[in-house]
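Written out below as structure tokens is the structure these notes cover.
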Amino acid sequence: MSSTGKQNIRWETQIVISMCLGYGMLMLCRTVVGVAGPAMLADPALSLDTATFGAILGWGTAGNLTGKLITGVLADKLGGSKVFVWAVGFAAIATFIFGSLSSNVAFFAFFFLTVFAKSAGWPSMANIIRVWFTHAKHGRVWGFIATSSRVSSVATTLLVSSLLLIMSWRGLFYIAGTLAFVSAIILPRYLKNSWQDSGESTKESDETTEALSSWSKDHPLSGVETRSAILIFISNPRFWLISLGVSSLAVLFEFQVFIPIYLSETFSLMPAQAGMASSAFPLGCLVAVFSGGFIYDKLSKKNIVYTMSATLIVAVLCLLSLRLLGTVDLGATLELILTITLIFVFGFAISPAYYIPMSVFSIGFGGKHCGLLVGLIDAFAYFGAMMFDFIGGAVANKEGGWQDFILILIVTSIVATVIMTTFLYLDYRDSERDVASALPS
Numbered sequence: 002m003s004s005t006g007k008q009n010i011r012w013e014t015q016i017v018i019s020m021c022l023g024y025g026m027l028m029l030c031r032t033v034v035g036v037a038g039p040a041m042l043a044d045p046a047l048s049l050d051t052a053t054f055g056a057i058l059g060w061g062t063a064g065n066l067t068g069k070l071i072t073g074v075l076a077d078k079l080g081g082s083k084v085f086v087w088a089v090g091f092a093a094i095a096t097f098i099f100g101s102l103s104s105n106v107a108f109f110a111f112f113f114l115t116v117f118a119k120s121a122g123w124p125s126m127a128n129i130i131r132v133w134f135t136h137a138k139h140g141r142v143w144g145f146i147a148t149s150s151r152v153s154s155v156a157t158t159l160l161v162s163s164l165l166l167i168m169s170w171r172g173l174f175y176i177a178g179t180l181a182f183v184s185a186i187i188l189p190r191y192l193k194n195s196w197q198d199s200g201e202s203t204k205e206s207d208e209t210t211e212a213l214s215s216w217s218k219d220h221p222l223s224g225v226e227t228r229s230a231i232l233i234f235i236s237n238p239r240f241w242l243i244s245l246g247v248s249s250l251a252v253l254f255e256f257q258v259f260i261p262i263y264l265s266e267t268f269s270l271m272p273a274q275a276g277m278a279s280s281a282f283p284l285g286c287l288v289a290v291f292s293g294g295f296i297y298d299k300l301s302k303k304n305i306v307y308t309m310s311a312t313l314i315v316a317v318l319c320l321l322s323l324r325l326l327g328t329v330d331l332g333a334t335l336e337l338i339l340t341i342t343l344i345f346v347f348g349f350a351i352s353p354a355y356y357i358p359m360s361v362f363s364i365g366f367g368g369k370h371c372g373l374l375v376g377l378i379d380a381f382a383y384f385g386a387m388m389f390d391f392i393g394g395a396v397a398n399k400e401g402g403w404q405d406f407i408l409i410l411i412v413t414s415i416v417a418t419v420i421m422t423t424f425l426y427l428d429y430r431d432s433e434r435d436v437a438s439a440l441p442s
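Okay, so the sequence shown: first residue is 2 according to the numbering used here, each after it adds one.
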């Protein structure tokens, strides 16, 4: 490999690592609440129960929904790198302050702000990827980024659960906020806006810049303003299918923040033990997305339909098995092992369909408006997740409520399988049609 080729790879690697680090910090600020949940419920100084904790999660998801509608447009207009760094810093401050709070209203407000900032991550990265990487690399880059979010989730769950053995839940938020703030200070040095800002001028970087510029200029939406772009998006059937599909999958992902409480109450585990056991979910996601991006780039669109549909069917079977475990007596130890195994497989099964198709579709279809498109799709997703946080928390808080909680997830997973399969089939069928067909004549 030539020296210029190595320089090209070095900058691409640096950008990917910077995004992984930043998004990992955003995930840290987001997931620390779920891990600390059992300890917060056990704190006599707080007036929390499962329903109230679900409301905290619901307000956080409301912040996500609100942020998706705002930060996507900001990322398109101001640049992905600027908005991304701002998001990490803001989430860090809000997370640190969360650790000092005691009232439920304050918890609602600051978790709203934390997740509002976290919501900027995906739209910002869509813009960063659009100006740095050609379309042929989008699947693997998104795979790396999704992997980073899962790595941080696994690490957070294990590390924070371990720290619960030696400190209060408040210390967890102080540590998470500090780490994220330090990252926000470091990121601008390595996360540049484009190839031109990198200061590198090699044959390969110039060719990449030219290819990206040509693609952006030739994209059917390159001359379209924001309002017109929104009209084009909402008039396309695939937009509604991917929005509803990701919304259903987002509900399934919200199970993650309930898992520590679910395991703690179902198997009478200590908060630290429940937190460690709950790492099975992000670990399953990690294994799936680590290889998912590479596989996605190599599969034909037809094979993607079969692969993603199969994994979602597996997710349905996992949830059915979880509910069945609650109706038979196999012994506490065996039931716990089987439950953790099923949670691992469930996380593995839903991750590729949740992360990759929407991300690749948004850049390809949205062009320079990809941040806006990601924001709109995610807004639908987090509206569904927000409703589930409130409803799921209230359902689980009842006597024997976890069985009904799992039943809601089963129905949602079946709906997600049908919708995502339909979207992927239409994407395969229309793959050779020009995006320009969406433009009004």
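For glycine and all other residues, C-beta sits at the position ideal for the given N, C-alpha and C. Predicted model, so just to flag it, every value in this text is computed and none were measured.
Check                                                                                                        : Outcome
Contact under 7 Å by Cβ, M309 with A354                                                                      : yes
Anticipated Cβ contact below 8 Å, F174 with G90, distance rounded                                            : 16 Å between Cβ atoms; not a contact.
Same chain only: Cβ atoms within 8 Å of M277, ignoring 5 sequence neighbours per side                        : T158, L159, S162 and S163
R31 burial status per 10 Å Cβ neighbour count (16 or more: buried)                                           : buried
Buried versus exposed, by CB contacts within 10 Å (16 or more), D405                                         : exposed
Separation of F349 from P358, as counted between CA atoms                                                    : 16 Å
For S279, the first and last residue of its enclosing alpha helix (DSSP H)                                   : No alpha helix (DSSP H) contains S279, which DSSP labels as neither H nor E.
Burial state of R11 (16 or more Cβ within 10 Å)                                                              : exposed
Reduced DSSP secondary structure (H/G/I, E/B, other) of V329                                                 : coil
When S322, G61 and V106 are compared against D390, the one with the closest alpha-carbon                     : G61
Every unbroken alpha helix (DSSP H) inside the region 75–156 [4 residues or more]                            : 81–99, 105–119 and 122–133
Segment contact, 8 Å Cβ cut-off, at least three pairs: the region 414–422 with the region 244–262            : yes
Identity of the residue in T51, P45, T312 and N128 nearest S414 by Cα                                        : T312
Whole-angstrom distance between A76 and A116, CA atom to CA atom                                             : For the record, residue 116 in the displayed sequence is Val; it is not Ala. Cα-Cα distance, rounded: 17 Å.
Among A46, K302 and I344, the one whose alpha carbon lies nearest that of S322                               : I344
Cβ pair count under 8 Å reaching 3, the region 32–43 against the region 67–85                                : no
C-alpha gap between G122 and G285, whole angstroms                                                           : 22 Å
Per-residue burial, R131 [other beta carbons within 10 Å of its own, 16 or more giving buried]               : buried
Between the CA atoms of A185 and Q15 - distance to the nearest angstrom                                      : 15 Å
Under 7 Å between C-beta atoms of M28 and S120                                                               : no
V388, DSSP secondary structure in three states                                                               : The question names Val, but residue 388 is Met in the sequence shown. M388 falls in the helix class under three-state DSSP.
Rounded straight-line distance, which links the Cα of M168 to that of A52                                    : 25 Å
Unbroken alpha helix (DSSP H) run spanning I409, endpoints                                                   : G402 to R430
Buried or exposed by the 16-neighbour rule on C-beta atoms within 10 Å, applied to S103                      : exposed
Touch test, the region 55–74 against the region 379–394, Cβ-Cβ under 8 Å, three pairs minimum                : yes
DSSP three-state assignment for A230, whether helix, strand or coil                                          : helix
Bounding residues of the alpha helix (DSSP H) (the contiguous stretch that carries I167)                     : Run containing I167: none; DSSP gives neither H nor E here.
Per-residue DSSP class, three states only, for E255                                                          : coil
Own chain residues within Cβ distance below 6 Å of F384, not counting five before or after                   : L66
Whole-Å CB distance - E1 paired with F134, under 8 Å assumed                                                 : Since the displayed the chain opens at 2 and closes at 442, residue 1 lies outside it and no answer follows.
Under 7 Å between C-beta atoms of T422 and L242                                                              : no
Secondary structure of D379, DSSP reduced to three states                                                    : helix
Cutoff 7 Å: I146 Cβ touching any chain D Cβ                                                                  : In summary, chain D is missing from the structure at hand, where a single protein chain is found.
L245 versus N128 - alpha carbon distance                                                                     : 23 Å
Buried/exposed call for I233, threshold 16 Cβ in 10 Å                                                        : buried
Other residues of its chain near A40: CB distance less than 7 Å, five sequence neighbours each side excluded : L165, W170 and P272
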